[in-house]
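Enquirer: The numbering of the sequence shown is the UniProt record's numbering, which starts it at 241 and goes up by one.
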Amino acid sequence: TRVEKAGHKHFMAKEIAEQPIVLGDAIHHYLDDGAAILLPETLDFTQYDRITMVACGTAYLACLTSKYWFEQLSGLPVDVDVASEFRYREPPIPARTLAVFVSQSGETADTLAALRYCHGKAATILSVVNVDESSIARESDIALPILAGVEIGVASTKAFTCQLTVMALLALRAAQQRGQLDQTALAEHLSALQNLPGLMNIALAQSDEIKAVAQKLAEARDVLFLGRGAMYPLALEGALKLKEISYIHAEGYASGELKHGPIALVDKTVPVIVMAPHDKLFDKTVSNMQEVLARGGKVVLITNNRGAKEAGEGVWQLIQLPEVPDLFAPILYALPAQLLAYHTAVAKGTDVDQPRNLAKSVTVE
Ligand code: G6P
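#1: In the structure shown, what three-state DSSP assignment does Ile386 receive?
#2: Pick from Gly346, Gly360, Ile365: whose alpha carbon is nearest that of Glu373?
#3: For Leu598, which residues of its own chain have a beta-carbon under 7 Å away from its beta-carbon, when the five flanking residues on both sides are left out?
#4: What distance in whole Å lies between the Cβ atoms of Leu558 and Gly552, which are believed to be in contact at a cut-off of 8 Å?
#5: In the DSSP assignment, what are the bridge partners of Glu491?
#6: Which term fits Ser527, buried or exposed, when burial requires 16 or more other beta carbons within 10 angstroms of its beta carbon?
#7: Measure the alpha-carbon distance for Gln312 versus Thr590 and round it to whole angstroms.
#8: Is DSSP giving Ala275 helix, strand or coil here?
#9: Note down the Cα distance separating Pro332 from Ala548, rounded to an integer number of angstroms.
#10: Tell me the residue span of the alpha helix (DSSP H) that contains Ala574.
#11: May I ask you to report which of helix, strand or coil DSSP gives Thr282?
#12: Which class does Ala454 belong to by DSSP, given the choice of helix, strand or coil?
#13: Classify Thr509 as helix, strand or coil using the three-state DSSP reduction.
#14: Please classify Arg242: does DSSP put it in a helix, a strand, or coil?
#15: Express the C-alpha separation of Ala427 and Ala490 in angstroms, rounding to a whole number.
#16: In chain order, what residues of the same chain have a beta carbon less than 7 Å from the beta carbon of Ile442, not counting five sequence neighbours either side?
#17: Could you give the distance in angstroms between the alpha-carbon of Glu325 and the alpha-carbon of Glu459?
#18: Figure out for me which residue from Lys307, Gly501, His429 has the closest Cα to the Cα of Met471.
#19: Beta carbon of Leu410: closer than 7 Å to some heavy atom of the ligand G6P?
#20: Is it the case that the CB of Gln446 approaches a heavy atom of the ligand G6P more closely than 7 Å?
#21: Use the C-beta contact count for Pro502: other C-beta atoms within 10 angstroms, 16 or more gives buried, fewer gives exposed.
#22: CB-CB under 6 Å to Thr543, same chain, minus the five flanking residues each way: which ones, in chain order?
#23: Do three or more CB pairs link the segment 412 to 419 to the segment 270 to 284 at distances below 8 Å?
#24: Check whether the Cβ of Leu598 lies closer than 7 Å to any heavy atom of the ligand G6P, and answer yes or no.
#25: Taking all protein chains shown into account, decide if Ser431 is buried (16 or more other Cβ within 10 angstroms of its Cβ) or exposed.
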């Protein structure tokens, strides 16, 4: 089937805009009338003592985000690795390990090699893929589709948020099976997930405001992204997206690590993008943000209404998102990160869908 841009200037723009729909499809696929999670019976999280996750690129960052969810909700310890490191380190794989592989294409050479390594160690192999007939899907004990539809833009967008959604459902299932989540709490989380497509539409409606910020970002040489908790992997993803398509040097950092290095870079030429929903870590993130402001740094604060009221003063640019339950904030906050990268690249005139030196699927080592 031939995929068209459907009126968008780039595939990436189309794929960003599609997220409320494909996310809704994924949620619908895995929820029975919205009340119960539909996953294969053979997937029983009480059989495992730990989870090891392996992936590359954006899929790796989806794993890193989900680590926060799995550990908080289910109490299962989670290790996350990039496939190129994992495969040659010869990591021990104890009995009762669930090995999880996340891949949009299902063909990434390093991820596939890591899967085969775990298979050789008799671990149960679960994969989360976009391409159902891919090698990674075929070689797994259980393969779960993310239902994002064909993704053409080299910089992954809708596959990322669909990966996050499936990982969130898996974390909820793990918590449920391990007796860590009662019916009421589960119902609340599921309804929070179901509300995400609507919230995404509100975030997408801010595209013009984000574009105005991006036009300023386009002049920067270096950009820092900061976040705490599950927003830390999203800071990494924001930086990855920006460097991939705009070629601006960008780094993501855990807010608390700011004073252990990146603060040395801060001056009035370095925009610092702070991803800070008004969650229980908000005050801590804001105090890191203040350290940036005190050194003349140019802060772009991405937060909600309450966050903007409490901490918006003195920031260079403000991007406001709707309220979202803390747990799933990374799924919503992915959108302004993608839009910032997209509009910055467009402002710089780079090849958004086919950035130099990058491939959609890395099938050779
Ligand atoms: C390449 C792509 C990325 C992707 C990564 C992993 O680097 O440009 O967008 O995240 O590979 O690919 P996969 O298909 O395994 O998710």
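Every residue, glycine too, gets a C-beta built ideally from N, C-alpha and C. Source: prediction; values computed, not measured.
Expert: According to the structure data:
#1: Locating residue 386 in the sequence shown gives position 146, counting from the first residue. DSSP places Ile386 in coil when its eight states are reduced to three.
#2: Position 133 of the sequence shown, counted from the start, is the residue given in the question as residue 373. Of the candidates Gly346, Gly360, Ile365, the one whose C-alpha sits nearest the C-alpha of Glu373 is Gly346.
#3: In the sequence shown, counting from the first residue as 1, residue 598 sits at position 358. So the list reads Val394, Glu484, once near-sequence residues are dropped.
#4: Counting from 1 along the sequence shown, the entry for residue 552 is found at position 312. Counting from 1 along the sequence shown, the entry for residue 558 is found at position 318. Contact flag correct, Cβ pair sits at about 5 Å.
#5: Here residue 491 refers to the residue found at position 251 of the sequence shown. Partner(s): Leu464.
#6: Here residue 527 is taken as the residue at index 287 of the sequence shown, counted from 1. With fewer than 16 other Cβ atoms within 10 Å, it is exposed.
#7: Counted from its first residue, the sequence shown places residue 312 at position 72. Counted from its first residue, the sequence shown places residue 590 at position 350. Their backbone Cα atoms lie some 40 Å apart in a straight line.
#8: On the sequence shown, residue 275 is found 35 positions in, with the first residue counted as 1. Ala275 falls in the coil class under three-state DSSP.
#9: The sequence position of residue 332 within the sequence shown is 92, counting from 1. The sequence position of residue 548 within the sequence shown is 308, counting from 1. Taking the straight line from one Cα to the other gives about 46 Å.
#10: Counting from one through the sequence shown, the residue named residue 574 turns up at place 334. 569 to 588 is the span of the alpha helix (DSSP H), which, as asked, contains Ala574.
#11: Against the sequence shown, residue 282 aligns to sequence position 42. It is coil, neither helix nor strand.
#12: Working through the sequence shown from its first residue, we reach residue 454 at position 214. In this structure, Ala454 counts as helix in the three-state DSSP scheme.
#13: Here residue 509 is taken as the residue at index 269 of the sequence shown, counted from 1. If DSSP states are grouped into helix, strand and coil, Thr509 belongs with coil.
#14: Your numbering for residue 242 matches position 2 in the sequence shown. The answer is coil: DSSP assigns Arg242 none of H, G, I, E or B.
#15: Stepping through the sequence shown from its first residue, residue 490 is reached at position 250. Stepping through the sequence shown from its first residue, residue 427 is reached at position 187. Taking the straight line joining both Cα atoms gives about 38 Å.
#16: For the purposes of this step, residue 442 is identified with residue 202 of the sequence shown, where counting begins at 1. If we look at Ile442 and ignore the five residues flanking it on each side, its Cβ neighbours are Pro562.
#17: Reading the sequence shown from its first residue, position 85 is the one you call residue 325. Reading the sequence shown from its first residue, position 219 is the one you call residue 459. In a straight line, the C-alpha of Glu325 is about 35 Å away from that of Glu459.
#18: Counted from its first residue, the sequence shown places residue 471 at position 231. Among Lys307, Gly501, His429, the Cα nearest to that of Met471 is on Lys307.
#19: As a position in the sequence shown, residue 410 is number 170, starting the count at 1. It does not: the Cβ of Leu410 is nowhere closer than 7 Å to a heavy atom of the ligand G6P.
#20: By 1-based counting over the sequence shown, the position of residue 446 is 206. Because no heavy atom of the ligand G6P lies under 7 Å away, the Cβ of Gln446 does not count as near it: no.
#21: Counted from its first residue, the sequence shown places residue 502 at position 262. So Pro502 counts as buried.
#22: The count along the sequence shown starts at 1 and reaches residue 543 at position 303. Correct list, in chain order: Ala516.
#23: yes
#24: As a first step, residue 598 is located in the sequence shown; it is residue number 358 there, counting from the start. At least one heavy atom of the ligand G6P is nearer than 7 Å to the Cβ of Leu598, so yes.
#25: Sequence index remark: in the sequence shown, residue 431 carries index 191 (1-based). Flag for Ser431 reads exposed.
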